[in-house]
Structures are given as C-alpha cells and as structure tokens.
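Colleague:
Numbering (my numbering), first residue to last: 1157 to 1251.
1) Would you call residue 1170 buried or exposed, if buried means 16 or more other Cβ atoms sit within 10 Å of its Cβ?
2) Quick check on the DSSP output: the beta strand (DSSP E) that includes residue 1172 runs from which residue to which?
3) Please look up how many angstroms separate the CB atoms of residue 1167 and residue 1185, rounded, as I've assumed it's under 8 Å.
4) Which of helix, strand or coil does DSSP assign to residue 1234?
5) Which residue's Cα is closest to the Cα of residue 1192: 1199, 1183 and 1239?
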C-alpha cells in the first residue's frame, strides 16, 4: 500500500472492521484528511452493506474503490463521494 501513497507527508494506514459487520480494506489518514479505500478484483465492483456501514462510521473525505489496472480503464464516480479507479491512479487521487 505504501507504494501507492504520496511520499514525504504524514500518513497512517489501517484496516477497519466492527462486530456489526462494517468493514473497509484501508482507512488512510493523510495529514488531517481521512480516506476510505476498498479493493475489488472486478471491473464492475459491488459494495456490500458492511462497506456502506464502514463508510458511514468513518465519514471519510472521499472513498475510493480500487480495481485492477487494464487497457482503457479510467476512473468514474460510483456515487457522490465514492469514486472507482484503477490501482495506479490511487496515489494521484490521494495526493
């Protein structure tokens, strides 16, 4: 994950899961901003109820659904505040 984060800035990365099923793969704190990052292996990602519960708990500035890189794969908004993007674009999105 460090490879895909901006360098030379204060940052912290952790996993989020609660007993009620809320779950996010990564919560990234960069300076004072919180971002949620969910990783999916599909080019048509589907979020679970647990993902939405986690995003509600975390209240991130933005949420990124990371998908594998591929030819002609570009970022797109899934919902307000939730963007789908290929892994190589994550560093720029968090910067």
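Built from N, CA and C at the ideal position, the CB exists for glycine as well. On a predicted model such as this, the values are computed, not experimentally measured, just so you know.
Modeller: So, from the listed chains and residues:
1) exposed
2) 1167 to 1173
3) With a Cβ gap of about 6 Å, residue 1167 and residue 1185 count as contacting.
4) strand
5) 1183
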